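Chemist: Here it is: the structure, laid out below.
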Amino acid sequence: MPNLAGILPDTAARLPDHTALKINDTVISYSMLNAMSSKVAGLLRARGVQRGDRVALMMPNIPPMASVYYGVLRYGAVVVPMNPLLKGREVAYTLRDSGAGLLFAFELMLPEANAGAEEAGGVDVIPVNTGSFRQLLADSESDEAVADVDGSDTAVILYTSGTTGRPKGAALSHDNLLSNAEVASNLLDTGENDVIFGGLPFFHVFGQTSALNAGVMTGASISLLPRFDAGAALEIIERDKVTIFQGVPAMYIGMLRHPNVATTDKSSVRGAITGGSAMPLEVLREFEEVFGTDLLEGYGLSETSPIVSFNLPGDNRRPGSIGKPVYGMEVRVLDGEGHDVPIGGIGEIAVRGLGVMKGYWNNPEATAEAIPDDWFRTGDLGRFDDDGNIYIVDRKKDMILRGGYNVYPREVEEVLYEHPAVAEAAVVGMPDELNGEEVAAVIGLKAEAVPATDEARQALADEIQAFAKDRLAAYKYPRRVVFTDELPKGPTGKILKREIRVEPAGSTMPAESLET
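Here you go:
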């Protein structure tokens, strides 16, 4: 099965009437999804698309996203998934950089999609809506063949936001994504009797591999939520009897803070996984107590398809760690000279294995910098323990250098999450004349803890600062505590620290960024 698209016709042949996708009252069987993907392949042929051409997708988690995704792959073209919230100039950049000549765009995204397509040089846009798109597929001839491509051929180009500069396209092969989907399905022994929560965006590597591809590969049903809402997620869990929940920490926090969490029937959930950003230990423990199931934390990146390591169920689980490398992946912790750091020492995590990308699309310089010696440099700082478990300390670029001392924001955030008033927290560096950088904490409060007066707000800020000071070394605790209604988040709910800047006066403002 060299083509990733082969997983769909295989499952459709085995389980034709089984539910593949569900969104509200709409149910799509595997035979229906397979037929729609064949229609998409026929449409591509009629539009003159060639094997290896790039085709962009700009859609939320709706059934056409899956049918177009597999249709492009089975035809032998390359999928370029795009965040549906991109603005015109960002759309244009992605289209130009990838060389995509065709863009499938959901109807609500058409204004920005059309603007970007025009700026990129007249890229053809196919509107995806409830009426005309269905008719367009109905009028298209089916192309049921699965293209004979090599496993090393590029299947998907995922644009990574990074921390500086313009996004880069991680070129992932069919082999990369197939191997990682198999790893994802094995984590919780996913099968045809499972219902996967489909709230992680499919244009993002986490949702694409762990929910969409792993679900289709095993014949599981995927219950879709186009835009995450904690209340809606709880309703889906109860209504559709979700067995496997997948999310980023912000999703778990949102559900735990929702007033309906106590009355929702959560008994169907037999397992949950998290990734994308660090899961605070207090949140992990609370989820396991409230939902009555293990929450397994893992680690990955767009460039690694994404899964690098994971905790597994059972006695060997290490809450707070990202587990051990998964099958087909190797991990090292390196110093600045590229040498292995002793056990317990902190260094940059480097990865090699089946999931590591081919390189950055049409960017050999960036590829050489990221993979200088067959090992992909992740930019994350971590350490091994004596049992081979990996612990993420922080992003290399997020580390705060205060007066010559390294401060790792995640360590400070773990302490802040222990305070009963804190719902979410981000620790960042702020300019300081004396120390170069100073530690600042931007905090979202639980609804019941929001102070009514300015005096009460200041008192709570002082209390939280003192709380951290009692639990951290003198150079680590935040010198400034700032409250905010909501921390900036990306499409998966990951807190975007690059968009937070704390000035010495205490005000926060978004950082200038070209990223989405």
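According to my numbering, the sequence shown holds residues 61 to 576 in order. Glycine is no exception: its CB is placed at the ideal position from the N, C-alpha and C atoms. This structure is a prediction, so every number in the text was calculated from the model and none was measured.
Can you name, in chain order, every residue of its own chain whose Cβ lies under 8 Å from the Cβ of L170, other than the five neighbours on each side?
Modeler: V185 and P187
Chemist: Hey, how far is the Cα of P261 from the Cα of L494?
Modeler: Rounded to whole angstroms, P261 to L494 spans 43 Å at the Cα level.
Chemist: Where are the beta strand (DSSP E) runs, 3 residues long or more, that stay fully inside the segment 373 to 430, in chain order?
Modeler: 389 to 394 and 407 to 413, all fully within the segment 373 to 430.
Chemist: Going straight from the alpha carbon of E559 to that of L547, what length do you get?
Modeler: Each residue's CA atom was taken as its position, placing E559 and L547 some 9 Å apart.
Chemist: Check the C-beta distance from E172 over to N189 and give it rounded, since I have them as a contact under 8 Å.
Modeler: About 15 Å; that fails the 8 Å criterion.
Chemist: What is the DSSP secondary structure of D85, counted as helix, strand or coil?
Modeler: coil
Chemist: Please report the distance separating the alpha-carbon of L75 from that of A180.
Modeler: 42 Å
Chemist: Measure the C-alpha to C-alpha separation of V206 and G66 and round it to an integer number of angstroms.
Modeler: 7 Å
Chemist: In the DSSP assignment, the beta strand (DSSP E) including A165 goes from what residue to what residue?
Modeler: L162 to F166
Chemist: Check for me: the alpha helix (DSSP H) holding I122 runs from which residue to which?
Modeler: Neither: I122 is in no alpha helix (DSSP H) and is coded neither H nor E.
Chemist: Counting only runs of 3+ residues fully inside the segment 432 to 492, write out the beta strand (DSSP E) ranges in chain order.
Modeler: 436 to 444, 450 to 455, 460 to 462, 465 to 467 and 482 to 492
Chemist: Taking Cβ to Cβ, would you say N121 is nearer than 9 Å to I88?
Modeler: No, these two residues do not count as a Cβ contact at 9 Å.
Chemist: Counting beta carbon pairs with one atom in the segment 144 to 163 and one in the segment 311 to 330, are three or more of them shorter than 8 Å?
Modeler: no
Chemist: With C-beta atoms as the reference, is V132 less than 9 Å away from A101?
Modeler: yes
Chemist: Quick one: does S328 have its CB under 9 Å from some CB of chain B?
Modeler: The chain inventory of the structure shown lacks chain B, comprising one protein chain alone.
Chemist: By the three-class DSSP mapping on this structure, what secondary structure does T334 have?
Modeler: DSSP places T334 in strand when its eight states are reduced to three.
Chemist: Residues in the same chain with beta-carbon distance under 6 Å from A230, minus the five sequence neighbours each way, listed in chain order, please.
Modeler: L218, T220, S362, E363 and M417
Chemist: To the nearest angstrom, how far is the alpha carbon of S212 from that of I296?
Modeler: Straight-line Cα distance between these residues: approximately 38 Å.
Chemist: Short of 7 Å in beta carbon distance, which residues of its chain neighbour R38, apart from the five on each side in sequence? Order them along the chain.
Modeler: Any property of residue 38 remains undetermined from this structure, which presents the chain solely from 61 to 576.
Chemist: Output the boundary residues of the beta strand (DSSP E) element that contains F257.
Modeler: Looking at the DSSP string, the run of the beta strand (DSSP E) that includes F257 is V255 to G258.
Chemist: Suppose contacts are defined by Cβ-Cβ distances below 9 Å. Is V265 in contact with L316 by that definition?
Modeler: no
Chemist: Can you give me the start and stop residues for the alpha helix (DSSP H) that K529 sits inside?
Modeler: In this chain, the alpha helix (DSSP H) harbouring K529 covers D514 to K529.
Chemist: Under the rule that 16 or more other beta-carbon atoms within 10 Å means buried, what is E515, buried or exposed?
Modeler: exposed
Chemist: Relative to the C-alpha of R299, which candidate in R156, E474 and L285 has its C-alpha closest?
Modeler: L285
Chemist: Suppose only complete runs of 4+ residues qualify. What are the alpha helix (DSSP H) ranges in the segment 264 to 297, listed by chain order?
Modeler: For the segment 264 to 297, whole alpha helix (DSSP H) runs of length 4 or above, ordered along the chain, are 274 to 278.
Chemist: Please work out which residues of its chain come closer than 7 Å, Cβ to Cβ, to D395, disregarding the five sequence neighbours upstream and downstream, and give them in chain order.
Modeler: V401 and G407
Chemist: Taking buried to mean at least 16 other C-beta atoms within 10 Å of its own C-beta, is A509 buried or exposed?
Modeler: exposed
Chemist: For the beta strand (DSSP E) that contains Y153, what are its first and last residues?
Modeler: Segment G148 to S158 is the alpha helix (DSSP H) holding Y153; no beta strand (DSSP E) there.
Chemist: Using a Cβ-Cβ cutoff of less than 6 Å, which residues in the same chain neighbour P123 once the five nearest sequence positions on both sides are dropped?
Modeler: L81 and I88
Chemist: Would you decide whether E242 is buried or exposed? Buried here means 16 or more other CB atoms lie within 10 Å of its CB.
Modeler: Around the beta-carbon of E242, 16 or more other beta-carbon atoms lie within 10 Å, marking it buried.
Chemist: Tell me whether G251 sits in a helix, a strand or coil according to DSSP, three-state version.
Modeler: The three-state secondary structure of G251, taken from DSSP, is coil.
Chemist: Which of the three DSSP states is assigned to Q110 in this structure?
Modeler: Q110: coil per DSSP, three-state reduction.
Chemist: Whose C-beta lies closer than 6 Å to the C-beta of R149 among residues of the same chain, with five residues either side of it excluded?
Modeler: none
Chemist: Taking only runs of the beta strand (DSSP E) that begin and end inside the segment 527 to 564, which ones reach a length of at least 3 residues, in chain order?
Modeler: Annotation note: the segment 527 to 564 contains the following uninterrupted beta strand (DSSP E) runs of length 3 or greater, listed N- to C-terminal: 540 to 543.
Chemist: Assign S192 to buried or exposed, taking buried as 16 or more other Cβ atoms, counted over all protein chains shown, within 10 Å of its Cβ.
Modeler: exposed
Chemist: Measure the CB-CB distance between F263 and L93 and report whether it falls below 9 Å.
Modeler: no
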